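Asks: Take this structure, written in structure tokens, and hold onto it; I'll ask about it next.
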Amino acid sequence: MALSLFISLNANAFIVVLDAGHGGKDPGALGTYSKEKNINLNVVLKLGKLIEQNCKGVTVIYTRKTDKFIELDERANIANNAKADLFISVHTNATASGNTARGSETYSLSLERATANLEVVKRENSVIQYETNRQRYATSVENSIMNEIIQGNNMRTGALFAKSIQDEYIKNGRPNKGVHQAGFLVLRKTAMPSVLTELGFITTPSEEAYLNSEQGINELAISIFNAFRRYVSPITRGIEENSVVPEMEVPPVVETPVVNEPAPEPVKPQAKPAEQPKPQQPQPQPKPAEKPQPAPKPQPAAKPQPAAKPQGSGQYEFRVQICTSSRRLHPNSEQFKGLKDITTYTTTDANGRQTFVYTHGSATSYAAIKTIQTKIREKFADCFIVVFKDGERVSGEEANTAKKKQP
């Protein structure tokens, strides 16, 4: 594949530099309770651990592993001085005040800033003049051609890797904000294939909760890891062939009791069965004392049980996620915009904060839930499909398996 063409000039280990954006006195974008610099670092540390544990022959270098301020030039220098084969910069997005957005996007170097990057490539390759056999490069013209070839390959493979990351985000249910090209300093000042990925929008409450949750950190790191492993796998450097893609590291989200349990509604069914025995009881007149028997029949209270649909036997269940909240919402909350059949589950972030996640509808086939999603898009433009198995949310490859198994 073209993705692995000219992937490395190093003779030994494949070197990847992981760059957690911002840090120290530079907090990056701000959410309601969290800072971009910490989200970036959490994902980078998780990503680095996945690579170190699953990829033999790969050396991981971090621009920072703590809450430390690193200048942009220095981040690029770390990669260039290490003669790295790949540079991955991790950031978190934001919108202007009052606006909301969801999803992940990834950038590679743009053509507009290619000239500046070519100078970096030339400078990094200037070591040629100190080589004993520099005559093999013949002329400065050939030198220039070689540099342009290297730069062109870096841009091409960077763009392909960016797309691969986006593909993995999509597999994990992230809204796709696309692959773009830009002239970020860390992209134009690094002399190897480089990407900058934006994990999500810290200024959108549901996104902020996800970005700070253990589940979100795991899913995002695993997405980038899967793209990375596919990027380096064609190289015969001892990448562990039988290593398991660690989707299973995402902690299962245990569903809490269903929200749609309004107290007034169970009372209504009680009145109906109470009327039915009355006409029947006059028949056995000797037993008038049995008239109170309808009272022990709070069996209508069992009618909320259908809401506990997740009790399956290994079958997948599809729902449409519509919103999240830091507190439990009333079943008739305006945030549901008139929708019924609302269920909830909770996630907990790294700081112990609980988030209530609300879903609508339930189906055992992917086609059926897609129909439900289409119907409610006018009310919830950002709604998306989530998959459950025996009451626990699943994601990644298992979610894709569910779509194929129950189309």
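Heads up: the sequence shown begins at 0 in numbering that gives the first Met the number 0, then just goes up one per residue.
The C-beta atom is built at its ideal place from N, Cα and C for all residues, glycine as well.
As the structure is a prediction and not an experimental result, all values here were calculated from the model.
Buried or exposed, going by whether 16 or more other CB atoms sit within 10 Å of the CB of R408?
Replies: Past the edges of the chain, shown from 0 to 406, lies residue 408, and the structure says nothing about it.
Asks: Looking at the strands, I want to know which residues DSSP matches up with R318.
Replies: V385
Asks: By Cβ distance below 6 Å, which residues in the same chain neighbour Y428 in space, the five residues on each side in sequence not counted?
Replies: Limits of the chain in this structure are 0 at one end and 406 at the other, which puts residue 428 out of reach.
Asks: Is there contact between the segment 42-50 and the segment 22-29, where contact requires at least three CB pairs shorter than 8 Å?
Replies: The segment 42-50 is not in contact with the segment 22-29.
Asks: Between S205, A83, I341, which has its C-alpha nearest K188's C-alpha?
Replies: A83
Asks: Counting Cβ pairs, one atom from each stretch, are 3 or more of them under 8 Å apart for the segment 159-173 and the segment 53-72?
Replies: As far as the Cβ criterion goes, the segment 159-173 does not touch the segment 53-72, which means the pair count is below three.
Asks: Spell out the partners DSSP gives E167 in its beta bridges.
Replies: None; E167 has no bridge partner.
Asks: Which residues mark the beginning and the end of the beta strand (DSSP E) in which I201 is found?
Replies: Segment: none, I201 is in no beta strand (DSSP E) and carries neither H nor E.
Asks: Using the Cα positions of N211 and E197, report the straight-line distance between them to the nearest angstrom.
Replies: 14 Å
Asks: Please state whether DSSP places T354 in a helix, a strand or coil.
Replies: strand
Asks: Which first and last residues belong to the alpha helix (DSSP H) in which D72 is found?
Replies: 71-80
Asks: Is Y365 helix, strand or coil by DSSP?
Replies: helix
Asks: Tell me which same chain residues have a C-beta within less than 8 Å of the C-beta of E316, skipping the five on either side of it?
Replies: For E316, the CB contacts under 8 Å within the same chain, skipping 5 residues up- and downstream, are K308, P309, S361, A362, T363, V386, F387, K388 in chain order.
Asks: Give the DSSP bridge partners of D18, in chain order.
Replies: S88
Asks: Excluding the 5 residues preceding and the 5 following P174 in the sequence, name in chain order all residues of the same chain whose CB lies nearer than 6 Å to its CB.
Replies: The beta carbon of P174 sits closer than 6 Å to the beta carbons of R101, G102 from its chain, once the five residues preceding and following it are set aside; these are given in chain order.
Asks: Hey, quick one: how far does the beta strand (DSSP E) through E104 stretch, first residue to last?
Replies: 103-108
Asks: Quick check on T203: buried or exposed, where buried means 16 or more other Cβ atoms within 10 Å of its Cβ?
Replies: buried
Asks: Helix, strand or coil for T99? Go by DSSP, reduced to three states.
Replies: coil
Asks: Comparing C-alpha positions only, which one of F335, T358, L108 sits nearest to G345?
Replies: Sequence inspection shows Thr at residue 345; the Gly mentioned does not correspond to that position. Nearest C-alpha to T345: T358.
Asks: Thinking C-alpha only, which one of S232, R392, F383 is nearest I169?
Replies: Closest in alpha carbon position to I169, among S232, R392, F383, is F383.
Asks: What does DSSP give as the partner residues of Q180 in its beta bridges?
Replies: S107
Asks: What do you reckon, are the CB atoms on L108 and L186 nearer than 7 Å?
Replies: yes
Asks: Under the three-state reduction of DSSP, which class applies to T94: helix, strand or coil?
Replies: Of the three classes helix, strand and coil, the one that applies to T94 here is coil, per DSSP.
Asks: Excluding the 5 residues preceding and the 5 following Q320 in the sequence, name in chain order all residues of the same chain whose CB lies nearer than 6 Å to its CB.
Replies: T358, F383, V385
Asks: Can you tell me whether F20 is buried or exposed, with buried defined as 16 or more other CB within 10 angstroms of its CB?
Replies: First, the amino acid is wrong: residue 20 is Gly here, not Phe. So G20 ends up on the buried side.
Asks: Around the C-beta of Q314, are 16 or more other C-beta atoms found within 10 angstroms, so that it is buried, or is it exposed?
Replies: Q314 is classed as exposed because its beta carbon has fewer than 16 other beta carbons within 10 Å across all chains shown.
Asks: Counting only the same chain and skipping the five closest in sequence on each side, list residues whose C-beta sits under 7 Å from that of N153.
Replies: Same-chain partners within the cutoff: M191, P192.
Asks: Answer with buried or exposed for S394, where buried requires no fewer than 16 other C-beta atoms within 10 angstroms of its C-beta.
Replies: buried
Asks: Using C-beta distances below 8 Å, list every residue in its chain close to Q128, excluding the 5 sequence neighbours before and after it, in chain order.
Replies: Residue confidence is low: Q128 scores 44 on pLDDT, short of 50, so the model does not pin down where it sits. No coordinate-derived value is stated.
Asks: Are there 16 or more other CB atoms within 10 angstroms of the CB of F13, so buried, or fewer, so exposed?
Replies: buried
Asks: What are the boundary residues of the beta strand (DSSP E) that includes Y61?
Replies: 57-61
Asks: So, with DSSP's three-state summary, where would you put F68?
Replies: coil
Asks: K34 by DSSP, collapsed to three states: which one?
Replies: strand
Asks: Using 10 angstroms around the beta-carbon of L17, count the other beta-carbons present and answer buried if the total reaches 16, otherwise exposed.
Replies: buried
Asks: Within the same chain, show all residues whose beta-carbon is closer than 8 Å to that of N241, passing over the 5 residues directly before and after it, in chain order.
Replies: Summary for N241: the model assigns pLDDT 39, below 50, so the residue's position carries little reliability; its value from the coordinates is reported in the next sentence. No residues qualify anywhere along the chain.
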